[in-house]
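Chemist:
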Amino acid sequence: MGRFTKVVMFVVVLIYIWCLYIYLNTPIRTDIVKMGLLEDSENVTAYLIKDEKLLYSNYGENFDEIAKEGERVSKGSKIAIIYKNDVDPKIQEALKKINERIADISSNQANNALFSGDLKKLDDQIRSKIDEVINASRNGEASMLSKLKSDINQLLDKKMIISGEKGASGKNLEALQKEKESYEQQLSSSKMDLIAEVSGVVSYQLDGLEQILNPEKINEFTPEDFESLERLNLSNAQADKELRPIAKIIDNYKWYIGFLMDADKVYPMKVGEKVKIRFRDLKDKVIDASVYFISEEQKGKVVVVLCSDKYIDSFSSMRKVNVDIIKSSYSGFKIPVSAIRVKDGKTGVYIISDQVVRFREVEIIYKNDNFAIVKENSTNKNGLLLYDEVITKGKDIEEGKLVR
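Mapping the sequence shown onto the working numbering, position 235 (from 1) lands on 237, and the numbers just tick up by one.
1) Using the beta-carbon count (16 or more within 10 Å), is Arg31 buried or exposed?
2) Leaving out five residues on either side along the sequence, give the residues of the same chain with a beta carbon under 8 Å from the beta carbon of Leu158.
3) Between which residues of its own chain and Leu150 is the CB-CB distance below 8 Å, once the five residues before and five after are set aside?
4) CB Val273 to CB Val293, shorter than 8 Å?
5) With which residues is Gln300 paired in a DSSP beta bridge?
6) Bridge partners of Glu391, per DSSP?
7) With the cut-off set at 8 Å, would you say Leu57 and Ile251 are in Cβ contact?
8) Phe295 and Asn379: beta carbons closer than 8 Å?
9) According to DSSP, Ser330 sits in a beta bridge with which residue or residues?
10) Taking only the alpha-carbon atoms, compute the straight-line gap between Lys219 and Ile51 and give it to the nearest angstrom.
11) Going straight from the alpha carbon of Gly172 to that of Ile83, what length do you get?
12) Determine whether the beta carbon atoms of Phe373 and Leu40 lie at a separation below 8 Å.
13) Please state the DSSP three-state secondary structure of Ile314.
14) If we count the other Cβ atoms within 10 Å of its Cβ and call it buried at 16 or more, is Met11 buried or exposed?
15) Leaving aside the five residues before and after Ile367 along the sequence, list all residues of the same chain whose C-beta is less than 7 Å from its C-beta, in chain order.
16) Quick test of the definition: if touching needs 3 or more C-beta pairs under 8 Å, does the segment 345 to 352 touch the segment 299 to 307?
17) So is Tyr269 buried or exposed if we call it buried at 16+ other beta carbons inside 10 Å?
18) Considering only C-alpha positions, which residue in the set Lys161, Asp53, Val307, Asn45 is nearest to Gln213?
19) Report the three-state DSSP secondary structure of Lys285 (helix, strand or coil).
20) Using the rule of at least 16 other Cβ atoms within 10 Å of the residue's Cβ for burial, across every protein chain shown, is Gln94 buried or exposed?
21) Nearest to Gln207 by alpha carbon, out of Val359, Val35, Glu71?
22) Expressed to the nearest angstrom, what Euclidean distance is found between the alpha-carbon atoms of Lys80 and Glu229?
23) With distances taken between CB atoms, is the gap from Val1 to Val392 smaller than 8 Å?
24) To test your reading of the DSSP string, which unbroken beta strand (DSSP E) runs of 3 or more residues are found completely within the segment 342 to 398?
25) Can you give me the start and stop residues for the alpha helix (DSSP H) that Leu231 sits inside?
26) Can you give me the C-alpha to C-alpha distance between Asp398 and Leu16, rounded to a whole angstrom?
27) At which residues does the beta strand (DSSP E) containing Asp194 begin and terminate?
28) Per DSSP, what kind of secondary structure is Ile220 in: helix, strand or coil?
29) Can you list, in chain order, the residues of its chain with a C-beta nearer than 7 Å to that of Glu181? Leave out the 5 residues immediately preceding and following it.
30) Can you tell which of Thr381, Asp390, Ala341 has its C-alpha closest to the C-alpha of Ile354?
31) For Asp227, which residues of its own chain have a beta-carbon under 8 Å away from its beta-carbon, when the five flanking residues on both sides are left out?
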């Protein structure tokens, strides 16, 4: 073999080795097929629409709550005491504190059975201390008497507090009741009771939207109406200064939530369809709902109103909320969109099996900009399988290519 021939063969071998190196080391990226979930959802700013009955007063704006915010009351219940504006606020504050103290004592008395063992133990300790006083007196131990007297007083105070005969104010229940009656008599001509006209949940947080966002007006809502909500300069004050809303009673058995949405993003929602609402401000709590109303389109926008009868925390005080409207959810094999290819008119992915590239046809159920959910088909031996390694990036990828 001549020298020239050897050189040619050497060059050919080098070229072959180089091509093989390039062939085997084409940079590729892969991902593992796993089960996953994708949501078709939209994040929106929404408004709660509730059946709210306003309660008015012509007395003034000063009042004491009887029913607390968010408390459910029955029709005819007294929910607050309203005072005229010229009432001495010191009397109101004193009466409020007395009512709180009476409630504490009454609660303690109602629970006396729970503390009966403590009361007996205290009685035994008091008797023991009295015996010590007698012995100290007989033995002339004057220095002990002062300490023993202090111990007995502390035990007596503790017993009175537990039994409800004495509170932090140092007054027993009977004295507090008399003081309460005295204050109430002073206020009797300057107060009125606020009565619940219907049953429901009490709220004192008024925002001026109670009569605008009314369930009876839902079918009249337009995109323009909702766009104007942001610009409204609302006030709880009414045109009639003599009659002001003090509180409201909310029907918490059914509520609605309305929001603006691009008309081309409504699909597949339609009236009667089930959806889910994720409340971002309530630790992503998800609530079932149904589509109640979809308005006519205006400038590419529509108003969508959902309805639900599910309980949510802080219902009475909520109005403007940040939520995700989950139109649909899809589960199956979750893969990156970048893995999807088309080969001979068929949609599928390339996988690496035994260091060789293989094509697997897939059926896409749903996809977004980043991921796709494809149908699981374990009966097809040539189908995509869980934990397959799919190629998400690479050049000159073709079936049968050796990659490792």
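Where a beta carbon is used, it is the ideal one built from N, C-alpha and C, also for glycine.
Modeler: Taking the coordinates as given:
1) exposed
2) Ile128
3) Lys131, Glu134, Val135, Ala138
4) yes
5) Lys303
6) Ile34
7) yes
8) no
9) Asp42
10) 10 Å
11) Annotation note: pLDDT 46 at Gly172 (below 50); position unreliable, coordinate value reported separately. Roughly 27 Å between the two C-alpha positions.
12) yes
13) coil
14) exposed
15) Tyr332, Gly334, Ile375, Val376, Lys377
16) no
17) exposed
18) Asp53
19) coil
20) buried
21) Glu71
22) 38 Å
23) No statement about residue 1 is possible, as the shown extent of the chain runs from 3 to 406 and does not include it.
24) 342 to 345, 348 to 355, 358 to 363, 366 to 369, 373 to 376, 391 to 395
25) 225 to 231
26) 22 Å
27) Sequence check: residue 194 is Met here, not Asp. Its beta strand (DSSP E) spans residues 193 to 197.
28) helix
29) Ile100
30) Asp390
31) Val305
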